[in-house]
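Q: These protein sequence lines map, in sequence, to chains A and B. Those letters in the first sequence? Residues 1 to 267, per this note's numbering, in order. Those letters in the second sequence? Residues 1 to 205, per this note's numbering, in order. Yeah, the Cβ is synthetic: ideal placement off N, Cα and C, and Gly gets one too.
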Amino acid sequence: MLKHLLSNQLQLGLAQAAVAALAALMVVLLARKRGIQLVSELTIAMVRGLVQIVAVGSILLLLLRSPSWTSGFLLAAMIVAAGATSARRAKGMPQAFEVSTWAIACGAGSVIAIMVIAGVIDTPITALVPVGSMLIANAMNTNGLALNRFRSDVLAHVGEVEAALALGADGRSSVAPYVQGAFEASLIPAIDSLRSLGIVWIPGLMAGMLLSGARPVYAAIYQFVVLAMIFAASGLTSLVSTLLMRARVMSPAEQLILRPGQKTAGS
Amino acid sequence: MENATFEVFRGETLAIVGASGSGKTSLLRLLNRLDEPTSGTVFLEGKDYRQIPPQDLRRRVGMVMQRPFLFPGSVADNLRFGPRQRDESLSDDRIEELLSGVGLAGYGSRDVANLSGGEAQRVSFARTLANSPEALLLDEPTSALDEDSKREVERIMVKIGDEQGIACVLVSHDPAQASRLAERALVMEAGRITRAGKISEVIRA
Numbered sequence: 001m002l003k004h005l006l007s008n009q010l011q012l013g014l015a016q017a018a019v020a021a022l023a024a025l026m027v028v029l030l031a032r033k034r035g036i037q038l039v040s041e042l043t044i045a046m047v048r049g050l051v052q053i054v055a056v057g058s059i060l061l062l063l064l065r066s067p068s069w070t071s072g073f074l075l076a077a078m079i080v081a082a083g084a085t086s087a088r089r090a091k092g093m094p095q096a097f098e099v100s101t102w103a104i105a106c107g108a109g110s111v112i113a114i115m116v117i118a119g120v121i122d123t124p125i126t127a128l129v130p131v132g133s134m135l136i137a138n139a140m141n142t143n144g145l146a147l148n149r150f151r152s153d154v155l156a157h158v159g160e161v162e163a164a165l166a167l168g169a170d171g172r173s174s175v176a177p178y179v180q181g182a183f184e185a186s187l188i189p190a191i192d193s194l195r196s197l198g199i200v201w202i203p204g205l206m207a208g209m210l211l212s213g214a215r216p217v218y219a220a221i222y223q224f225v226v227l228a229m230i231f232a233a234s235g236l237t238s239l240v241s242t243l244l245m246r247a248r249v250m251s252p253a254e255q256l257i258l259r260p261g262q263k264t265a266g267s
Numbered sequence: 001m002e003n004a005t006f007e008v009f010r011g012e013t014l015a016i017v018g019a020s021g022s023g024k025t026s027l028l029r030l031l032n033r034l035d036e037p038t039s040g041t042v043f044l045e046g047k048d049y050r051q052i053p054p055q056d057l058r059r060r061v062g063m064v065m066q067r068p069f070l071f072p073g074s075v076a077d078n079l080r081f082g083p084r085q086r087d088e089s090l091s092d093d094r095i096e097e098l099l100s101g102v103g104l105a106g107y108g109s110r111d112v113a114n115l116s117g118g119e120a121q122r123v124s125f126a127r128t129l130a131n132s133p134e135a136l137l138l139d140e141p142t143s144a145l146d147e148d149s150k151r152e153v154e155r156i157m158v159k160i161g162d163e164q165g166i167a168c169v170l171v172s173h174d175p176a177q178a179s180r181l182a183e184r185a186l187v188m189e190a191g192r193i194t195r196a197g198k199i200s201e202v203i204r205a
């Protein structure tokens, strides 16, 4: 319907964005009726997301003519931004920003590097930055889920953790069940994406490749490649972040730092 | 917490009494270093406890909390937890002996999810004793129990004191309970020890 009304592509894009945002807003209003407050958070997130993606689209236009090495700086900046975004999901946890940034750098960064060396990801900036950003974004989501779950589990089990410490357990083994739980829970979206690939959803990358003339079988295989890379990057990120955080919720004298109402340095 | 200076000897029970929020539990948590003192220290057998590795310190200074916080699994699994931290194993006979000591003979294979509040707290005692502690910190261990369970746990506490010669520090908001179980007491108010001495003198004052 919109395509018939609007012939200008930019106007059409904005109108499509408005309709999609309206659908999201309806969900928020439904949630509000059930006492779940998402209005301000989602509104800010949607406006931010739109502005950011339009800005990135504009920057990409400029970068098309830049040398390949500039993509390294761009991806590094994305990792730092992802670390900052993800750390907000871990309020009250010590050094959440440092942990998140290191974890995403190790997880997504190493997978990107290996795949570039192996020739799985092309080096031209137009290929490396979009695929790399996809890995970083998914690593960020996984990291946020892992830290959020770890935080809530430890806070809900302070008694059990301190009972273990009081019996002579070290800090690492006292929080081990919650490290494992957070790792497993954070990977559910990545595992489900792999499991339902092609059955529940045909991802945008594959659709884009088909539209640009790639052979369907190659487009399908490459989509699997991307999801497998996402899983690898997410898994490694979650592993690193939970292990780093495990060490940071304990003091050198094996005392639990993360406790209800406790303010921690660097959080 | 300010100016808290006191001693506890082997074989005696020292009660720390006071109203809610007076700092009783905070003081207790400093004694096994679950919290860090901002100044001052604790000596265990004459040795500054900061010189003792925390895991070793907490094995030697056992703690029973207000709630049992048992780990998922069987009663025996819970008793094996402490010794396993030092790569030691607890024999079935020793588990049965510990459980008999708290009136739960034959409970080793039971799932902790199926225990009553009183039974769970007694398992918590046995789990702490499985570490063979030299001192025992008891943080209102009967406050969440009904009257019958409370009496049973008190009986166990007296038995531990009589038979094992362990130094016990009991936090209680109940002066009558403190009188039944302890020889000496400290009274705490707003983070300070305001009275200390023989239980008969301190509780009556």
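1. Which first and last residues belong to the beta strand (DSSP E) in which Leu137(B) is found?
2. Please name the residue, chosen from Pro37(B), Cys168(B), Thr194(B), that lies closest to Ala182(B) on a Cα-to-Cα basis.
3. Taking Ile160(B) as the reference, give the member of Met188(B), Leu98(B), Leu186(B) with the closest Cα.
4. For the ligand MN, any of its heavy atoms closer than 6 Å to the Cβ of Pro189(A)?
5. What three-state label does DSSP hand Ile121(A) in the structure shown?
6. According to DSSP, simplified to helix, strand and coil, what is Arg149(A)?
7. Could you spell out where the beta strand (DSSP E) holding Lys198(B) opens and where it closes?
8. Check the Cβ of Met157(B) against every Cβ in chain A and list those closer than 9 Å, keeping chain order.
9. Is the distance from the Cβ of Ile104(A) to the Cβ of Ile79(A) below 7 Å?
10. When you compare only the Cα positions, how much space is there between Ala247(A) and Met1(B)?
11. By the 7 Å beta-carbon criterion, what residues does the stretch 144-164 of chain A contribute toward chain B?
12. Helix or strand or just coil, what does DSSP make of Arg259(A)?
13. Check for me: the beta strand (DSSP E) holding Ser172(B) runs from which residue to which?
14. Let me see if you follow: with CB-CB separation under 7 Å, is Gly82(B) close to chain A or not?
15. Which runs of the alpha helix (DSSP H), 4 residues or longer, sit entirely within the stretch 72-160 of chain B?
16. Please report whether the beta-carbon of Gly266(A) lies at a distance below 7 Å from any beta-carbon of chain B.
17. What residues of chain A sit near Pro175(B), judged by a beta carbon separation below 7 Å?
18. Mind checking Ser174(A): buried by the 16 CB within 10 Å criterion, or exposed?
19. Can you confirm whether the stretch 16-31 of chain B touches the stretch 168-178 of chain B when touching is taken to mean that 3 or more C-beta pairs between the two stretches lie within less than 8 Å?
20. Counting along the chain, where does the beta strand (DSSP E) carrying Glu189(B) start and finish?
21. Between Ala253(A) and chain B, is the shortest Cβ-Cβ distance under 7 Å, so that the two count as touching?
22. For chain B, check one thing: does any of its Cβ atoms lie closer than 7 Å to the Cβ of Gly168(A)?
23. Pick out the complete alpha helix (DSSP H) segments inside the stretch 35-94 of chain A, 4 residues or longer, and give them in chain order.
24. Looking only at DSSP bridge pairs, what is Gly18(B) linked to?
25. Where does Ala265(A) land, buried or exposed, given buried means 16+ other C-beta within 10 angstroms?
26. Determine whether the Cβ of Leu90(B) lies closer than 7 Å to any Cβ atom of chain A.
27. Just the chain A side, please: which residues come within less than 7 Å of Asn114(B) by C-beta, in chain order?
28. If you draw a straight line from the alpha carbon of Ser241(A) to that of Ala146(A), how long is it in whole angstroms?
29. Going along chain A, which residues have a C-beta under 8 Å from Met1(B)?
30. Going straight from the alpha carbon of Leu94(B) to that of Arg151(A), what length do you get?
31. Throw me the rounded Cβ distance for the Ile203(B) and Ala185(B) pair, which I believe falls under 8 Å.
32. To which residues does DSSP link Leu44(B) through a beta bridge?
33. Does Gln121(B) get closer than 7 Å to chain A when you measure Cβ to Cβ?
34. On the DSSP letters alone, give me the boundaries of the beta strand (DSSP E) that Met63(B) sits inside.
35. For a test of the three-state rule: what should DSSP assign to Ala96(A), helix, strand or coil?
36. Tell me whether Leu70(B) sits in a helix, a strand or coil according to DSSP, three-state version.
A: Let me spell this out:
1. From DSSP, the beta strand (DSSP E) with Leu137(B) extends over 135-139.
2. Ranking Pro37(B), Cys168(B), Thr194(B) by Cα distance to Ala182(B) puts Cys168(B) first.
3. When each option's Cα is compared against that of Ile160(B), the closest is Leu98(B).
4. In terms of ligand content, the structure shown is empty, and the ligand MN therefore cannot be addressed.
5. DSSP places Ile121(A) in coil when its eight states are reduced to three.
6. In the structure shown, Arg149(A) sits in a helix (DSSP, three-state: H, G or I).
7. Run containing Lys198(B): 192-198, per the beta strand (DSSP E) assignment.
8. Taking a Cβ-Cβ cut-off of 9 Å, Met157(B) has no neighbours in chain A, whose nearest Cβ is about 17 Å from it.
9. Contact flag set, yes.
10. Going from the Cα of Ala247(A) to the Cα of Met1(B) covers about 28 Å.
11. Gly159, Glu160, Glu162, Ala163: these are the residues of the stretch 144-164 of chain A whose beta carbon lies less than 7 Å from some beta carbon of chain B, given in chain order.
12. In the three-state reduction of the DSSP assignment, Arg259(A) falls in the coil class, being assigned neither a helical nor a strand state.
13. Here the beta strand (DSSP E) through Ser172(B) covers 167-172.
14. Contact with chain A is found for Gly82(B), since one of that chain's Cβ atoms lies less than 7 Å from the residue's Cβ.
15. For the stretch 72-160 of chain B, whole alpha helix (DSSP H) runs of length 4 or above, ordered along the chain, are 75-84, 92-101, 117-129.
16. Low per-residue confidence applies at Gly266(A): pLDDT is 45, beneath 50, and the placement is therefore not dependable enough to give any value.
17. Contact note: Pro175(B) does not reach chain A at a C-beta cutoff of 7 Å; the least C-beta distance is about 26 Å.
18. By the 10 Å Cβ count, Ser174(A) comes out buried.
19. Two segments are said to touch when three or more pairs of C-beta atoms, one from each, lie closer than 8 Å; by this definition the stretch 168-178 of chain B touches the stretch 16-31 of chain B.
20. From DSSP, the beta strand (DSSP E) with Glu189(B) extends over 184-189.
21. Taking CB atoms only, Ala253(A) has a neighbour in chain B less than 7 Å away.
22. True, the Cβ-Cβ gap to chain B drops below 7 Å.
23. Qualifying alpha helix (DSSP H) stretches, in chain order: 39-63, 70-87.
24. DSSP lists Met188(B) as partners of Gly18(B).
25. Because Ala265(A) carries a pLDDT of 45, less than 50, the predicted location of this residue cannot be relied on, and no value is offered for it.
26. Interface flag for Leu90(B) against chain A is unset, since no Cβ pair is found closer than 7 Å.
27. Chain order gives no chain A residues near Asn114(B), where near means a beta carbon separation below 7 Å; the closest approach is about 18 Å.
28. The alpha-carbon atoms of Ser241(A) and Ala146(A) are separated by roughly 8 Å.
29. Using a Cβ-Cβ cut-off of 8 Å, Met1(B) is close to nothing in chain A; its nearest Cβ partner there is about 15 Å away.
30. The question names Leu, but residue 94(B) in the sequence shown is Arg. If I take the Cα positions, the gap works out to 37 Å.
31. So it is a contact: roughly 6 Å between Cβ atoms.
32. Paired residues: Lys47(B).
33. Among the residues facing chain A, Gln121(B) is not included, as its CB has no counterpart in that chain under 7 Å away.
34. 61-64 is the extent of the beta strand (DSSP E) around Met63(B).
35. Collapsing the DSSP output to three states places Ala96(A) in a helix.
36. In this structure, Leu70(B) counts as coil in the three-state DSSP scheme.
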